[in-house]
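What follows is one structure encoded as structure tokens, with my remarks underneath.
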Amino acid sequence: MPTYRAPRGTRDLLPETRAGFSRLEGIARSLALRYGYREMEIPLFEQAAVFERGIGEATDVVEKELFRIAPRTEDSESWALRPEATAGIVRAYVQHGMQALPPPVKLSVVGPMFRYDRPQAGRYRQFWQWSAEAIGDPGPAVDAEVVEMGLRFYKEAGLPDVQVLLNSIGDAACRPAYLETLKTYFSGHEAQLPALDRRRLDTNPLRLLDSKDPAMTALIASAPKMIDRLCEACAAHFTSVRVHLDALGVSYRLEPTLVRGLDYYARTAYEFYRQGAEGQQQALGGGGRYDGLVELLGGRPTPAIGFALGLDRVVLALAETGATVSHEASPLAVIVGADPADTVSRLRVASLLRSEGLSVRAELAPRKLGRQLETASKEQAHFAVIIGDELADGHVQLKDLKAGTQHLVPLADLARDLARAEKTHHHG
RNA sequence: GUGGCCUUAGCUCAACCGGCAGAGCAUCGGAAUGUGGAUCCGAAGGUUAUGGGUUCGAAACCCAUAGGCCACCCCA
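Next up, the structure:
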């Protein structure tokens, strides 16, 4: 027999970990509700063209990380697992005529994404994101609202010190000219450029600003900044975004070298980092305005903005701060028996309590009573229901494992007594 | 995709120069057949990631593969 294991870059979320993810998903759903984003689902895979066109052929996400599905037959369509949710959400928005809904259409998706890159801690081939999109609002107020919602997510998750890095990357009116300026600037220093960055000069000059090569630091520092060369409309938009952020009390750091990896972004761009870890490559989340994407995927020109927050990285960050990410619920009571062999009575009582909506575990292993109780306390159950000879006249022993007390209870009252106690029972 | 470090029981780790594969925790059982988190005793758990090679002898040395991690690339 071969030994099987989860594919590279994927992981099993075991119950302890899954509980932490569920908690984060709960916060995301709660925030979506509070901010007016409606939850939806999109397929885990799409026609590859949705990503190729939407995200951009030349981006790393499409060029090297797209998780393509081998076609089943020669004439079947080319599919790919979703590397992010925005393109799929916008595809659905166009497909279902949501342009007819009063704007903005605010949508939320939580689920796994797939990217075929080399795994590391916090970097997986299957990872979880919360994605929120406000489609049909040109901003700038909604830009600030989205950033604030992201920040609130981290705060409620238990990461109060998340830092916002903010930039404007211009739009079709001013970015092309800026790119030329940038190209000219770096071309003038071509001899100093590392090989990789020399190649970027043609393919993606914006990325030069992001280079971590020490030889580039001085060059980048004195390079022309997009933020200084925004057209009037973009500059006014950015100023207003900042005014709104200030009004909300959201602090942020201007990061003129912040660029985004996906082609569809324009104007507002931002990323979330742990305080003190801003320089690291692992963003907790990021987002921006993508005013051209709806049109790119076949809809009418429609402005939009959104973000994607990485749940895996939040869990990782919480673990690093030593915080308890989450705990699983423990049963209110465990049904144990004096006669190890009498699983019938234990199961019957458990079934009775469960039908009353109570969370109980029946000990079905034929172990002696001491061992049954031992396991019950180890799993943090509040009560043990001990079944013995008293059952003959309709009674059981109800033992409070936390308090160490015990008394005889008529079986008829058991559910009521436990339900009353549940109010004070802290699961876990 | 590039470079580097790592992989021994379910988990965390030992094993001196290449010479008997071990401990703690967890699990199961006994002390204690109707009373729990403590204690004592015991059991079970291993193709030393996988496949080759060197050697009288390999967990250890060499090669390949897989997986994990770190730095890039890039992002969540």
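Start counting the first sequence at 449; every next residue gets the next number (my numbering).
By construction, the Cβ of each residue, glycine as well, lies at the ideal position given by its N, Cα and C atoms.
Note that the coordinates shown come from a computational prediction; the quantities given were computed from them, not determined experimentally.
**Asked** Can you tell me where the beta strand (DSSP E) with D878 in it begins and where it stops?
**Response** There is simply no residue 878 to check, as the chain begins at 449 and stops at 876 in what is shown.
**Prompt:** For A731, which of L461, R571, L555 has the nearest alpha-carbon?
**Reply:** By one-based count along the first sequence, residue 731 stands at place 283. Out of L461, R571, L555, R571 has the C-alpha closest to the C-alpha of A731.
**Message:** For the structure I just gave you, are there three or more beta carbon pairs, one from the segment 769–783 and one from the segment 627–643, closer than 8 Å?
**Reply:** no
**Item:** Residue burial classification, I517 (beta-carbon count within 10 angstroms, cutoff 16)
**Value:** As a position in the first sequence, residue 517 is number 69, starting the count at 1. It counts as exposed.
**Of the listed residues E628, L667, P662, D661, nearest to E650 (C-alpha basis)** = Counting from 1 along the first sequence, the entry for residue 650 is found at position 202. Position check: residue 650 holds Asp in this sequence, whereas Glu was assumed. Here the closest residue by C-alpha is E628.
**Item:** S778 vs H855 beta-carbon contact at 9 Å
**Value:** Along the first sequence, read from residue 1 onward, the residue named residue 778 stands at position 330. Along the first sequence, read from residue 1 onward, the residue named residue 855 stands at position 407. Result no, Cβ atoms of S778 and H855 do not sit closer than 9 Å.
**Prompt:** Quick one: what's got a C-beta closer than 6 Å to R708's C-beta in the same chain, skipping five residues either side?
**Reply:** If you number the first sequence from 1, residue 708 lands on position 260. Hits under 6 Å: A717, G736.
**Asked** Which partner residues of H843 appear in the DSSP bridge assignment?
**Response** Along the first sequence, read from residue 1 onward, the residue named residue 843 stands at position 395. According to DSSP, H843 bridges with P858.
**Request:** Assign R471 to buried or exposed, taking buried as 16 or more other Cβ atoms, counted over all protein chains shown, within 10 Å of its Cβ.
**Result:** Here residue 471 corresponds to residue number 23 of the first sequence, with the count starting at 1. Buried: at least 16 other Cβ atoms inside 10 Å.
**Request:** Under 8 Å by Cβ, that's how I've got A480 and A605 pegged, so tell me the actual separation to the nearest angstrom.
**Result:** The residue you call residue 480 lines up with position 32 of the first sequence. The residue you call residue 605 lines up with position 157 of the first sequence. Not confirmed; about 14 Å, so no contact.
**Prompt:** Using 8 Å as the Cβ pair cut-off and three pairs as the minimum, do the segment 778–790 and the segment 478–496 touch?
**Reply:** no
**Request:** Report yes if the CB atom of M674 is closer than 9 Å to the CB atom of I617, and no otherwise.
**Result:** For the purposes of this step, residue 674 is taken as the residue at position 226 of the first sequence. For the purposes of this step, residue 617 is taken as the residue at position 169 of the first sequence. The answer is yes: Cβ separation under 9 Å.
**Prompt:** Rounded to whole angstroms, how far is the Cβ of C679 from the Cβ of A621, which I believe are closer than 8 Å?
**Reply:** In the first sequence, counting from the first residue as 1, residue 679 sits at position 231. In the first sequence, counting from the first residue as 1, residue 621 sits at position 173. Going by Cβ atoms, the distance from C679 to A621 rounds to 5 Å, so yes, they are a contact pair.
**Asked** Does DSSP put G698 in a helix, in a strand, or in coil?
**Response** Within the first sequence, numbered from 1, the residue matching residue 698 stands at position 250. Looking at the sequence provided, one finds Val at residue 698 rather than Gly. Coil, per DSSP.
**Prompt:** Quick one: complete alpha helix (DSSP H) runs, 4+ long, within the segment 767–829?
**Reply:** 791–803, 817–826
**Any beta strand (DSSP E) of 3 or more consecutive residues that is wholly inside the segment 590–666** = 610–616
**Prompt:** Do the segment 784–796 and the segment 503–510 make contact, defined as three or more Cβ pairs closer than 8 Å?
**Reply:** no
**Item:** Short Cβ contact (9 Å threshold) for A610 with R690
**Value:** One-based indexing of the first sequence puts residue 610 at position 162. One-based indexing of the first sequence puts residue 690 at position 242. Per the sequence shown, residue 610 should be read as Val rather than Ala. Not closer than 9 Å, so no.
**Item:** Candidates F634, A540, G636, of which the one nearest V557 by Cα
**Value:** In the first sequence, counting from the first residue as 1, residue 557 sits at position 109. The option with the nearest alpha carbon to V557 is A540.
**Request:** Check whether the segment 590–600 touches the segment 691–704, counting contact only when three or more Cβ pairs, one atom from each stretch, lie closer than 8 Å.
**Result:** yes
**Item:** Contact set for G754: own chain, Cβ-Cβ below 7 Å, skip 5 residues either direction
**Value:** Start at 1 with the first residue of the first sequence, and residue 754 comes out as number 306. The answer, listed in chain order, is T534, S579, A580, E581, A582, V594, G735.
**Prompt:** How close, in whole Å, do the beta carbons of F882 and A497 come, if the pair is a contact with beta carbons under 8 Å?
**Reply:** Nothing about residue 882 can be read from this structure; the chain reaches only from 449 to 876.
**Asked** What did DSSP end up calling A863 once you bin it into helix, strand or coil?
**Response** Residue 863 sits at position 415 when you count from the first residue of the first sequence. Here A863 sits in helix by DSSP.
**Asked** Hey, out of G842, L744, L657, T769, whose CA is closest to V538's CA?
**Response** Here residue 538 refers to the residue found at position 90 when the first sequence is read from its first residue. Checking every option, the nearest Cα to that of V538 belongs to L744.
**Prompt:** Hey, quick one: how far does the beta strand (DSSP E) through L555 stretch, first residue to last?
**Reply:** On the first sequence, position 107 is the one that residue 555 refers to. First-last of the beta strand (DSSP E) with L555: 553–562.
**Message:** Quick check on Q495: does DSSP put it in helix, strand or coil?
**Reply:** For the purposes of this step, residue 495 is identified with residue 47 of the first sequence, where counting begins at 1. Reduced to three states, the DSSP call for Q495 is strand.
**Request:** Please check the pair A714 and D739, which I expect to be a contact at CB under 8 Å, by giving their CB distance rounded to whole angstroms.
**Result:** In the first sequence, residue 714 corresponds to position 266, counting from 1. In the first sequence, residue 739 corresponds to position 291, counting from 1. A714 to D739, Cβ: 5 Å. Contact.
**Prompt:** In terms of residue numbering, what span does the beta strand (DSSP E) encompassing Q577 cover?
**Reply:** Sequence index remark: in the first sequence, residue 577 carries index 129 (1-based). Note, Q577: beta strand (DSSP E), 574–583.
**Prompt:** Any idea if E505 is buried or exposed, counting beta-carbon neighbours within 10 angstroms, 16 or more meaning buried?
**Reply:** By one-based count along the first sequence, residue 505 stands at place 57. Looking at its Cβ environment, which holds fewer than 16 other Cβ atoms inside 10 Å, E505 is exposed.
**Item:** Bridge partner(s) assigned by DSSP for R571
**Value:** As a position in the first sequence, residue 571 is number 123, starting the count at 1. Beta-bridge pairing links R571 to Q568.
**Request:** Return the chain-ordered ranges of every alpha helix (DSSP H) run that is complete within the segment 465–538 and spans a minimum of 4 residues.
**Result:** 496–503, 508–511
**Prompt:** What first and last residue would you give for the beta strand (DSSP E) that runs through L757?
**Reply:** Looking up residue 757 in the first sequence gives position 309. 752–758 is the extent of the beta strand (DSSP E) around L757.
**Pairwise C-alpha distance: G805 and Y763** = Sequence index remark: in the first sequence, residue 763 carries index 315 (1-based). Sequence index remark: in the first sequence, residue 805 carries index 357 (1-based). Sequence inspection shows Val at residue 763; the Tyr mentioned does not correspond to that position. Approximately 31 Å between the Cα atoms of the pair.
**Prompt:** What is the DSSP secondary structure of D837, counted as helix, strand or coil?
**Reply:** Translated into positions along the first sequence, residue 837 becomes position 389. Residue state, collapsed to three classes: helix.
**Message:** Between A840, E719, A832, R802, which has its C-alpha nearest L849's C-alpha?
**Reply:** Translated into positions along the first sequence, residue 849 becomes position 401. Of A840, E719, A832, R802, the residue nearest in Cα terms is A832.
**Request:** Figure out for me which residue from F601, L657, L461 has the closest Cα to the Cα of A476.
**Result:** Residue numbering aside, residue 476 sits at position 28 when the first sequence is read from its first letter. For the residues F601, L657, L461, the minimum Cα distance to A476 belongs to F601.
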